[in-house]
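Q: Note that the protein sequences, when read in sequence, are chains A and P. Every position in the first sequence, counted from 1, becomes a number in my numbering once 13 is added. Every position in the second sequence, counted from 1, becomes a number in my numbering once 1 is added. Heads up, the beta-carbon is just placed ideally off N, CA and C, and yes, glycines get one too. Since the model is a prediction, treat every value here as computed from it, not as a measurement. Structure incoming, see below.
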Amino acid sequence: MTAKLTNAQIAWRAAQDIPDGAYVNLGIGFPEMVAKFKPDGREVIYHTENGILDFGEAPPAGEEDWDLINAGKKAVTLNPGASFFHHADSFSMVRGGHLDVAILGAYEVAENGDLANWSTGPGSVPAVGGAMDLVHGAKNVVVITDHVTKKGEPKLVKACSLPLTGVGCVTKVYSSLAVIDIVDRHFVLREKLPGMSLEELQAVTGGKLVVDGNVGDLIVPEL
Amino acid sequence: MDKIYPSIEDALSGIKDGMVVMIGGFGGAGAPIELIHALVESYKKTGSPGRLTVVNNNAGNGAVGIAAMIYAGMVAKMVCSFPRSSDPRAFTEKYLAGQIELELVPQGTLAERIRAGGAGIPAFYTPTSFGTQLAEGKPVEEFEGRKYVQERWLKADVAIIKAELADRKGNLTYNKAARNFAPLMAMAARTTIVQASRIVEPGEIDPEHVVTPGIFIDRIVEVPNPQQEEALLREGAK
């Protein structure tokens with residue numbers, strides 16, 4: 014079995030593709046890590062659903078202002094040029110198609126772009142937050158995820174079995190093994206770990222991997 | 002015109018059993034803690050107002066704010082997007098025991114439903130939730146080749162919100178991201194009650210900087226140095 018990327022390496026890879034000047038929403042948890050790996054020289058403006066554009070890093074411990082938080086309810090700071098707005102304006106930025114990139118986690122992504130990332134089914138308290146809005150707003154809806162579950166089951170599947178967050182919404186997946194575009198309801202393989210054959214990758218992928226042109230090597234730094 | 006009330010109790014008068022109450026705040030930012038706790042005290046003393054439907058993004062954290070309302074037993078239903086928090090026991094226990102109802106609404110849809118309620122728009126279409134469990138039973142229409150779900154306005158009997166500055170005419174500013182749902186809820190409620198950290202003279206808030214115009218505001222009470230829910234929780238409030 015070939016090694017796989019760490020979460021930090023997946024986040025690093027995703028960060029390399031965020032263009033200069035992009036307006037970006039990072040989902041709560043793992044996706045927040047992408048901000049750490051923004052390439053130097055690019056200016057990226059981060060949006061948070063609770064009503065801030067252009068927030069910065071977390072303040073030092075003890076200097077938090079709990080009226081200045083992100084959607085994950087973590088304390089943040091402001092960059093020069095930041096702004097505050099109410100929730101309807103915030104989600105107008107989302108639903109109105111004004112965000113360039115939204116980066117989310119996933120339980121399952123289907124080859125047609127369906128995403129399941131909000132509910133593991135009955136038995137717990139359901140909570141959706143802004144996930145269902147975000148998947149319909151950004152021009153690019155990007156998923157970063159382990160390629161398989163902790164039990165080794167594929168997370169990139171033919172059809173989602175868990176409750177959907179959105180239909181046909183995901184445009185790109187950065188996994189621990191590969192970079193995949195979703196084009197015309199297919200997983201189109203763009204990069205894979207160099208030590209891994211297409212057959213090995215297909216064996217841990219639920220949907221069919223389509224090769225359309227060159228498949229690059231997925232190479233990331235030690236992190 | 003003077004919308005200023007002398008005390009929290011006066012400002013909250015008339016909130017009755019079974020009402021729909023919108024409460025500002027996202028997590029701890031913007032939660033009108035003093036107004037909420039006064040409602041809890043009233044319920045503990047008099048048994049009213051009970052059986053409330055509470056609209057907020059969340060469903061309480063720890064044992065303060067909305068969680069205190071839920072623990073006290075005065076909330077029959079929550080309308081929210083994310084009934085989880087670092088300590089969601091108040092809601093979770095009652096929900097799993099079938100003692101509190103939940104209407105789960107995607108966050109942007111929740112904001113827009115409240116805005117629509119305040120703007121006199123009974124329904125609207127959004128792409129959010131199309132094809133998911135949360136769209137079941139709702140009308141779907143296609144516009145420009147894409148499917149959209151019909152959502153209805155959300156209105157309230159009362160909104161209670163927290164502002165930074167207020168003048169007697171009801172013009173408001175907020176503190177940073179504590180703004181969140183407050184300007185929307187102020188529009189969507191028949192009576193909007195504000196706790197403001199400082200009351201200033203009309204004109205002291207530059208008209209260019211007024212965030213919520215006074216027309217949406219009914220009652221104001223000054224609460225200097227208000228408690229902040231997240232800060233309270235981190236201090237270990239019980």
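Once the 5 residues before and after P/ASP88 are set aside, which same chain residues still bring their CB inside 7 Å of it?
A: The residue you call residue 88 of chain P lines up with position 87 of the second sequence. So the list reads ASN62, GLY63, once near-sequence residues are dropped.
Q: Considering P/ASN59, what are the terminal residues of the alpha helix (DSSP H) in which it resides?
A: Residue 59 of chain P sits at position 58 when you count from the first residue of the second sequence. First-last for P/ASN59: undefined, no H or E at that position.
Q: Taking only the alpha-carbon atoms, compute the straight-line gap between P/GLY76 and P/SER49 and give it to the nearest angstrom.
A: Start at 1 with the first residue of the second sequence, and residue 76 of chain P comes out as number 75. Start at 1 with the first residue of the second sequence, and residue 49 of chain P comes out as number 48. According to the sequence shown, residue 76 of chain P is Val rather than Gly. One C-alpha to the other measures close to 11 Å.
Q: Who are the neighbours of P/ARG180 on chain A, taking C-beta pairs under 7 Å?
A: The residue given as residue 180 of chain P occupies position 179 in the second sequence. Under the 7 Å cutoff, chain A gives GLY64, PHE97, HIS99.
Q: Throw me the rounded Cβ distance for the A/GLU121 and A/VAL155 pair, which I believe falls under 8 Å.
A: As a working note, residue 121 of chain A is residue 108 in the first sequence. As a working note, residue 155 of chain A is residue 142 in the first sequence. Incorrect: roughly 15 Å between the Cβ atoms, too far for contact.
Q: Does the beta carbon of P/GLY109 sit closer than 8 Å to a beta carbon anywhere in chain A?
A: In the second sequence, counting from the first residue as 1, residue 109 of chain P sits at position 108. Yes, its Cβ sits closer than 8 Å to a Cβ of chain A.
Q: Which bits of chain A does P/ALA112 rub up against, with CB to CB less than 8 Å?
A: Against the second sequence, residue 112 of chain P aligns to sequence position 111. Correct list: HIS99, HIS100, ALA101, SER103, PHE104.
Q: What are the residues that DSSP puts in a beta bridge with P/LEU53?
A: Here residue 53 of chain P refers to the residue found at position 52 when the second sequence is read from its first residue. Per DSSP, P/VAL76.
Q: From P/TYR126, P/TYR175, P/ARG90, pick the residue whose C-alpha is nearest to that of A/SER105; which is it?
A: Here residue 105 of chain A corresponds to residue number 92 of the first sequence, with the count starting at 1. Closest by alpha carbon: P/TYR126.
Q: Out of A/PRO73, A/ASP194, A/GLY165, which one is the CA nearest neighbour of A/CYS182?
A: The sequence position of residue 182 of chain A within the first sequence is 169, counting from 1. Taking only the C-alpha atoms, the option nearest A/CYS182 is A/ASP194.
Q: Can you list, in chain order, the residues of its chain with a C-beta nearer than 6 Å to that of P/GLY204? Leave out the 5 residues immediately preceding and following it.
A: Here the question's residue 204 of chain P lines up with position 203 in the second sequence. Excluding residues within five positions, none has a Cβ falling inside 6 Å.
Q: So is A/GLY165 in contact with chain P if we call contact Cβ pairs under 8 Å?
A: The residue labelled residue 165 of chain A in the question sits at position 152 within the first sequence. By this cut-off, A/GLY165 is not an interface position.
Q: List, in order along the chain, the chain P residues whose C-beta lies closer than 8 Å to that of A/MET46?
A: By 1-based counting over the first sequence, the position of residue 46 of chain A is 33. Result: empty, since nearest Cβ-Cβ is about 20 Å, beyond 8 Å.
Q: Quick check on A/ASP113: does DSSP put it in helix, strand or coil?
A: As a working mapping, residue 113 of chain A is identified with position 100 in the first sequence. It is coil, neither helix nor strand.
Q: Pick out the complete beta strand (DSSP E) segments inside the segment 199 to 231 of chain P, 3 residues or longer, and give them in chain order.
A: Fully enclosed beta strand (DSSP E) runs of 3 or longer: 220 to 223.
Q: Look at the alpha carbon of P/MET23 and the alpha carbon of A/ILE157, and state the distance between them as a whole number of angstroms.
A: Your numbering for residue 23 of chain P matches position 22 in the second sequence. Your numbering for residue 157 of chain A matches position 144 in the first sequence. Approximately 36 Å, taken between the alpha carbons.
Q: Under the assumption that P/ALA136 contacts P/ALA157 (Cβ atoms under 8 Å), give the Cβ distance between them as a whole number of angstroms.
A: Here residue 136 of chain P refers to the residue found at position 135 of the second sequence. Here residue 157 of chain P refers to the residue found at position 156 of the second sequence. Actually they are not in contact, since the Cβ atoms of P/ALA136 and P/ALA157 sit about 24 Å apart, beyond 8 Å.
Q: From A/MET14 to P/ARG114, what distance separates their C-alpha atoms?
A: Sequence index remark: in the first sequence, residue 14 of chain A carries index 1 (1-based). Sequence index remark: in the second sequence, residue 114 of chain P carries index 113 (1-based). With a pLDDT of 43 at A/MET14, under the threshold of 50, the modelled position of this residue cannot be trusted, and the question is left open.
Q: Between P/SER198 and chain A, is any beta-carbon pair separated by less than 8 Å?
A: Locating residue 198 of chain P in the second sequence gives position 197, counting from the first residue. Not an interface residue.
Q: Check this for me: beta carbons of P/PRO107 and A/ALA140, under 8 Å apart or not?
A: For the purposes of this step, residue 107 of chain P is identified with residue 106 of the second sequence, where counting begins at 1. For the purposes of this step, residue 140 of chain A is identified with residue 127 of the first sequence, where counting begins at 1. Their beta carbons are not under 8 Å apart, which means P/PRO107 does not touch A/ALA140 by this criterion.
Q: Given a threshold of 16 other Cβ atoms within 10 Å of its Cβ, counted over all protein chains shown, does A/LYS221 qualify as buried or as exposed?
A: Position 208 of the first sequence, counted from the first residue, corresponds to residue 221 of chain A. Per the 10 Å Cβ criterion, exposed.
Q: At the 8 Å Cβ level, is P/GLU236 part of the contact set with chain A, yes or no?
A: Residue mapping note: residue 236 of chain P aligns to position 235 of the second sequence, counting from 1. No - not a single Cβ of chain A is within 8 Å of the one on P/GLU236.
Q: Give, in chain order, every residue of the segment 22 to 33 of chain P whose Cβ lies closer than 9 Å to some Cβ of chain A.
A: Going along the segment 22 to 33 of chain P in chain order, one finds PHE27, GLY28, GLY29, ALA30, GLY31 with a Cβ nearer than 9 Å to chain A.
Q: How about A/VAL114 and A/VAL37: do their beta carbons lie closer than 8 Å?
A: In the first sequence, residue 114 of chain A corresponds to position 101, counting from 1. In the first sequence, residue 37 of chain A corresponds to position 24, counting from 1. Contact: yes.
Q: Following the continuous alpha helix (DSSP H) through P/LYS46, name the residue where it begins and the one where it ends.
A: Counted from its first residue, the second sequence places residue 46 of chain P at position 45. Where P/LYS46 is concerned, the enclosing alpha helix (DSSP H) stretches over 34 to 47.
Q: Looking at the structure shown, is A/LEU39 part of a helix, part of a strand, or coil, going by DSSP?
A: Taking the first sequence and counting its residues from 1, one reaches residue 39 of chain A at position 26. If DSSP states are grouped into helix, strand and coil, A/LEU39 belongs with the strands.
Q: Can you give me the C-alpha to C-alpha distance between A/VAL224 and P/ILE37, rounded to a whole angstrom?
A: As a first step, residue 224 of chain A must be located in the first sequence, where it is residue number 211. As a first step, residue 37 of chain P must be located in the second sequence, where it is residue number 36. Cα to Cα, A/VAL224 sits roughly 58 Å from P/ILE37.
Q: Anyone know if the C-beta pair for P/MET79 and P/LEU103 falls short of 8 Å?
A: Translated into the one-based positions of the second sequence, residue 79 of chain P becomes position 78. Translated into the one-based positions of the second sequence, residue 103 of chain P becomes position 102. Cβ distance < 8 Å, so P/MET79 and P/LEU103 count as in contact.
Q: Relative to the C-alpha of P/MET162, which candidate in P/ILE206, P/ALA197, P/THR47 has its C-alpha closest?
A: The residue given as residue 162 of chain P occupies position 161 in the second sequence. Per the sequence presented here, residue 162 of chain P reads as Ile, with Met not at that position. Considering only alpha carbons, the answer is P/ALA197.
Q: How is the alpha helix (DSSP H) around P/ARG114 delimited, first residue to last?
A: Sequence index remark: in the second sequence, residue 114 of chain P carries index 113 (1-based). Element bounds for P/ARG114: 108 to 120.
Q: How far does the beta strand (DSSP E) with P/ASP323 in it reach, from first residue to last?
A: What is shown of chain P runs 2 to 239, which leaves residue 323 of chain P out entirely.
Q: Using the beta-carbon of each residue, which ones in chain P are nearer than 8 Å to A/GLY143?
A: Numbered from 1 along the first sequence, position 130 holds the residue referred to as residue 143 of chain A. Those within 8 Å of A/GLY143 in chain P are SER82, PRO107, GLN108, GLY109.
Q: So P/VAL201 packs on P/SER8, CB below 8 Å; how close in whole Å?
A: Residue 201 of chain P sits at position 200 when you count from the first residue of the second sequence. Residue 8 of chain P sits at position 7 when you count from the first residue of the second sequence. Actually they are not in contact, since the Cβ atoms of P/VAL201 and P/SER8 sit about 19 Å apart, beyond 8 Å.
Q: In whole angstroms, what is the alpha-carbon distance linking A/LEU147 and P/LYS46?
A: Translated into positions along the first sequence, residue 147 of chain A becomes position 134. Translated into positions along the second sequence, residue 46 of chain P becomes position 45. Their backbone Cα atoms lie some 44 Å apart in a straight line.
Q: For P/GLN151, is the classification buried or exposed, using 16 other Cβ atoms within 10 angstroms of its Cβ as the cut-off for buried?
A: Position 150 of the second sequence holds residue 151 of chain P. When all chains shown are included, P/GLN151 counts as exposed.
Q: For a contact defined as C-beta to C-beta under 9 Å, what are the partners of P/LYS177 on chain A?
A: Counted from its first residue, the second sequence places residue 177 of chain P at position 176. Simply GLY64, ILE65, ASP78, ASP80, LEU81, ILE82, LEU91, PHE97.
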